[in-house]
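Okay, so here's the structure we're looking at.
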Amino acid sequence: MTGKALSDLWFGFGVALEPQNLMWSFFGVLIGNLIGVLPGMGALSAISILLPLTYTLHPVPAVLMLAGIYYGSQYGGAIGAILLNLPSHPPHAITCLDGYPMTRQGRGGTALGITMIASLFAASVGIIVMIFASPLLVQIAFKFGPTEIFSIMLLGLLAGATMSRGSPAKGIAMTTFGLLLGVVGTDVNSGARRFTFGFEQLSDRIELVALAMGLFGVADFLINVNRLDVVGHKVKVRLRDMRPSLAELKQAFMPMVRGTMIGTLFGALPGTGPTITTFVAYAVETKLAKDPKRFGHGALEGVASPEAASHSKTQVDFIPTMTLGIPGDAVMALLLGALMIQGLQPGPQLISQHADVFWGLIASFWIGNVLLFLLNVPLIGIWVQLLRVPYRFMYPAALFFISIGVYSTNDSLFEVGEVLVFGIVGAILMALEFPIATILLGYILGPLVEENFRRALLLSRGDLRIFVERPISAVFIGGCVLLVTLQIVFVLTRSRRQSIDALEHASAPSVAPD
Amino acid sequence: MHHLRKLPKDVWGGALMVAIGGGVVLQTELNYPIGTLQRMGPGYIPLVLGMILIATGLYIAGKAFVTGPGRAVLQARPPQWRAWALISLGIAGFVAAADYLGLVPAAFAVVFIAALGDRGNSWSSAALLALGIVVVAVVVFWWGLQVQLPLLRSPLP
Numbered sequence: 010m011t012g013k014a015l016s017d018l019w020f021g022f023g024v025a026l027e028p029q030n031l032m033w034s035f036f037g038v039l040i041g042n043l044i045g046v047l048p049g050m051g052a053l054s055a056i057s058i059l060l061p062l063t064y065t066l067h068p069v070p071a072v073l074m075l076a077g078i079y080y081g082s083q084y085g086g087a088i089g090a091i092l093l094n095l096p097s098h099p100p101h102a103i104t105c106l107d108g109y110p111m112t113r114q115g116r117g118g119t120a121l122g123i124t125m126i127a128s129l130f131a132a133s134v135g136i137i138v139m140i141f142a143s144p145l146l147v148q149i150a151f152k153f154g155p156t157e158i159f160s161i162m163l164l165g166l167l168a169g170a171t172m173s174r175g176s177p178a179k180g181i182a183m184t185t186f187g188l189l190l191g192v193v194g195t196d197v198n199s200g201a202r203r204f205t206f207g208f209e210q211l212s213d214r215i216e217l218v219a220l221a222m223g224l225f226g227v228a229d230f231l232i233n234v235n236r237l238d239v240v241g242h243k244v245k246v247r248l249r250d251m252r253p254s255l256a257e258l259k260q261a262f263m264p265m266v267r268g269t270m271i272g273t274l275f276g277a278l279p280g281t282g283p284t285i286t287t288f289v290a291y292a293v294e295t296k297l298a299k300d301p302k303r304f305g306h307g308a309l310e311g312v313a314s315p316e317a318a319s320h321s322k323t324q325v326d327f328i329p330t331m332t333l334g335i336p337g338d339a340v341m342a343l344l345l346g347a348l349m350i351q352g353l354q355p356g357p358q359l360i361s362q363h364a365d366v367f368w369g370l371i372a373s374f375w376i377g378n379v380l381l382f383l384l385n386v387p388l389i390g391i392w393v394q395l396l397r398v399p400y401r402f403m404y405p406a407a408l409f410f411i412s413i414g415v416y417s418t419n420d421s422l423f424e425v426g427e428v429l430v431f432g433i434v435g436a437i438l439m440a441l442e443f444p445i446a447t448i449l450l451g452y453i454l455g456p457l458v459e460e461n462f463r464r465a466l467l468l469s470r471g472d473l474r475i476f477v478e479r480p481i482s483a484v485f486i487g488g489c490v491l492l493v494t495l496q497i498v499f500v501l502t503r504s505r506r507q508s509i510d511a512l513e514h515a516s517a518p519s520v521a522p523d
Numbered sequence: 220m221h222h223l224r225k226l227p228k229d230v231w232g233g234a235l236m237v238a239i240g241g242g243v244v245l246q247t248e249l250n251y252p253i254g255t256l257q258r259m260g261p262g263y264i265p266l267v268l269g270m271i272l273i274a275t276g277l278y279i280a281g282k283a284f285v286t287g288p289g290r291a292v293l294q295a296r297p298p299q300w301r302a303w304a305l306i307s308l309g310i311a312g313f314v315a316a317a318d319y320l321g322l323v324p325a326a327f328a329v330v331f332i333a334a335l336g337d338r339g340n341s342w343s344s345a346a347l348l349a350l351g352i353v354v355v356a357v358v359v360f361w362w363g364l365q366v367q368l369p370l371l372r373s374p375l376p
């Protein structure tokens, strides 16, 4: 088992180190890092904007590049959170709590250094877990029929809706809305055109890139314009500041390990968003600390643990996405969409049929994370400069990249119009405090959920009990019931205390979880 | 109308979900066969989803109506009608200009119009930014990535 995994990994390194693949991986990491640093741009916007660039590539470099963009932008987001108190990606809201106070104390460099070490460590652990867990999961996944696939998707959607952020009811509403968006287009079984409202262009589904860029690009600009003023007082970070002292390393080590474990655990659960992961990691640190009062005033543990958690979760999240075709969160859903555009159907067959993609991707994680580490040491000065790109220059330029990117997807101006519509829809929903990231999860899974549900019930002659009579499926349904029960218990016992919610909206460093 | 503004945000949010769900159910009932659980028609799933949306919308709105605005009183931020209109117009401008005039005017239009939405931009800074992006558009997208859009085209067929 171990020998097989190692030889597969060796093969993967061979693929990932091919000059062309290495180049695209490097390019993805660099661009992802760059976009992630820019104020108001997170992993989702980075991937959506750059997705069209990958269409002309072969599947292997395309996937390597997209993965590079993902963890590159994630790292870039941490820089903005620590130096400017600006969480451009929700999971980094937690990093702000202690990272920014550290910057104000002149220890921003150390915080960045620890973040880097924590991410590299956590990513390495996540990769190892992925190497050994994926083949196991594949063996189980081969036993899956439509019944099981529907049940696990239901569990993933339910977990994504209720456990990510804000009110669970709103999460369910957004997931349902996403599923409905997934329904738009021609029904495969009957050929009926659903919700196309006479637009010929909609008969072939809503375009993924248009939806993602509308929701995560244009909607953000509409919300932030004239409101996001990046003032960032003069932060200076030099190379030498970034090297943590031995005492600081020691202080950060255990939080880093704990954060990694939490991230790995949450990565294995489908549907748990990245935000909840970092929140739990932070909460655990405050509970374990001898002096919890330090948190919120520049505690190193409060940076190391959540950052480690988010990076190990990122890696582990790839397991269900690649082996089952079931994405854990919105970013994974987007990557899944990208794989499908490349003609790859994620699922248990992927590892055997496209071994180069799968093992190349795993090896490239390592190479990419090391590249990221090396890249950020000399480039940190440039990133600090980039943080000060005024929003008034950034968003118009980004709008052009969005427009041309969507157009080049299918040479269709209609889809650029879709971007505008989803941008406005997304902005309205954000203003009403709906969690819009779950829309994407619903949209991607929508057709799969429908198809498998219909097939399962066709097989059982319309008997709904099939979902609990088959053992694997029953486990997933049990998980769903547990989730819903927990939510009801929360609602009944919670005495007007919404700690996750409070943390989500907190960019003020004074707020600490209770 | 004034008292409507005092309603908690979630009442509006819930109402919006009910409206969307209602629209879906209506459209489904009118146009798509529902079928049976064993042999579902194209309308079955949308109908179920529409009803779930109505139910959650009612719950969200009802809960907010009972508990009131509660803790989450966010600082009111002034609406940015001008910026919102100009950003939307910028994208629409890209579509129109790309359709009739070509890539160069389209790139200029989206950046220039959208940039005017920010109070910090003047006419000249917006124009300068737009010109810079036009250069990127020509070099990177037209020449480098070979995007299928002529640089300039005649608006008349």
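Those protein sequence lines, which keep their order, are chains L and R. Per my numbering, the first sequence starts with residue 10, numbered consecutively. Per my numbering, the second sequence starts with residue 220, numbered consecutively. Where a beta carbon is used, it is the ideal one built from N, C-alpha and C, also for glycine.
Straight-line CA distance for residue i to residue j?
i, j, result
"Leu429 of chain L", "Ala219 of chain L", "9 Å"
"Ala311 of chain R", "Gly426 of chain L", "7 Å"
"Leu266 of chain R", "Arg202 of chain L", "15 Å"
"Leu348 of chain R", "Ala25 of chain L", "38 Å"
"Gly108 of chain L", "Ala315 of chain R", "45 Å"
"Leu408 of chain L", "Trp303 of chain R", "13 Å"
"Asp326 of chain L", "Val329 of chain R", "37 Å"
"Leu422 of chain L", "Gln210 of chain L", "10 Å"
"Ile227 of chain L", "Met331 of chain L", "The question names Ile, but residue 227 of chain L is Val in the sequence shown. If I take the Cα positions, the gap works out to 29 Å."
"Ala283 of chain R", "Ala178 of chain L", "12 Å"
"Ser199 of chain L", "Gly269 of chain R", "20 Å"
"Ser343 of chain R", "Pro399 of chain L", "16 Å"
"Gly187 of chain L", "Leu278 of chain L", "21 Å"
"Ser16 of chain L", "Trp375 of chain L", "16 Å"
"Thr124 of chain L", "Ala317 of chain L", "8 Å"
"Val359 of chain R", "Ser319 of chain L", "34 Å"
"Pro68 of chain L", "Gly369 of chain L", "11 Å"
"Ala292 of chain L", "Gly487 of chain L", "28 Å"
"Gly305 of chain L", "Thr205 of chain L", "50 Å"
"Thr494 of chain L", "Val285 of chain R", "23 Å"
"Asp551 of chain L", "Ala120 of chain L", "No answer is possible for residue 551 of chain L: it lies beyond the span of chain L, which begins at 10 and ends at 523."
"Pro444 of chain L", "Leu438 of chain L", "8 Å"
"Gln260 of chain L", "Pro301 of chain L", "14 Å"
"Phe410 of chain L", "Pro374 of chain R", "24 Å"
"Leu449 of chain L", "Leu343 of chain L", "8 Å"
"Thr298 of chain L", "Arg267 of chain L", "As written in the sequence, residue 298 of chain L is Ala, which differs from the Thr given in the question. Each residue's Cα considered, the two are about 13 Å apart."
"Gly115 of chain L", "Leu93 of chain L", "13 Å"
Using a Cβ-Cβ cutoff of less than 7 Å, which residues in the same chain neighbour residue i once the five nearest sequence positions on both sides are dropped?
i, result
"Thr156 of chain L", "Ala465, Ile475, Phe476, Arg479, Ser482"
"Met236 of chain R", "Leu272, Thr275, Gly276, Ile279"
"Lys13 of chain L", "none"
"Val353 of chain R", "Val323, Ala326, Phe327"
Would you mind stating whether residue i and residue j have Cβ atoms separated by less than 9 Å?
i, j, result
"Val134 of chain L", "Gly86 of chain L", "no"
"His101 of chain L", "Thr286 of chain L", "no"
"Val340 of chain L", "Leu53 of chain L", "yes"
"Val386 of chain L", "Met251 of chain L", "yes"
"Met111 of chain L", "Ile88 of chain L", "no"
"Ile453 of chain L", "Leu345 of chain L", "yes"
"Ile232 of chain L", "Ala440 of chain L", "yes"
"Ile328 of chain L", "Ser160 of chain L", "no"
"Gln351 of chain L", "Val72 of chain L", "yes"
Please go through the same chain and pick out, in chain order, the residues whose beta-carbon is closer than 6 Å to the beta-carbon of residue i, but skip the five residues on each side of it.
i, result
"Leu293 of chain R", "At Leu293 of chain R, the pLDDT of 49 sits below 50, so the modelled position is not reliable; the number obtained from the coordinates is stated separately. No residues qualify anywhere along the chain."
"Ser412 of chain L", "Val425"
"Gln354 of chain L", "none"
"Thr184 of chain L", "Leu166, Ala170, Thr447, Gly451"
"Asn250 of chain R", "none"
Please go through the same chain and pick out, in chain order, the residues whose beta-carbon is closer than 8 Å to the beta-carbon of residue i, but skip the five residues on each side of it.
i, result
"Gln29 of chain L", "Pro70"
"Val38 of chain L", "Gly77, Ile78, Tyr80, Gly81, Gly377, Leu380, Leu381, Leu384"
* Would you list, in sequence order, the uninterrupted alpha helix (DSSP H) runs of no fewer than 4 residues that lie entirely inside the region 241-305 of chain L? => 255-277, 283-297
* Using a Cβ-Cβ cut-off of less than 7 Å, list which residues of the region 317-334 of chain R approach chain L; keep chain order. => Ala317, Asp318, Ala326, Val329, Val330, Ala333, Ala334
* Mind listing which residues of the region 174-196 of chain L have their C-beta closer than 7 Å to chain R's C-betas, in chain order? -> Ala178, Lys179, Ile181, Ala182, Thr185, Phe186, Leu188, Leu189, Val192, Asp196
* **Ordered list of alpha helix (DSSP H) runs contained in the region 38-79 of chain L, each at least 4 residues** => 52-59
* To do: May I have a chain-ordered list of the alpha helix (DSSP H) segments no shorter than 4 residues that lie completely inside the region 345-400 of chain L?
  => 357-362, 364-395
* **Where the region 297-314 of chain R meets chain L: residues whose CB sits under 8 Å from a CB there** => Gln299, Ala302, Trp303, Ile306, Ser307, Gly309, Ile310, Ala311, Phe313, Val314
* Entirely enclosed alpha helix (DSSP H) segments - the region 99-143 of chain L, minimum 4 residues -> 102-113
* Asked: Fully enclosed by the region 267-329 of chain R, which alpha helix (DSSP H) runs are 4 residues long or longer?
  -> 300-319
* Entirely within the region 474-499 of chain L and at least 4 residues each: give me those alpha helix (DSSP H) ranges in chain order. => 475-478
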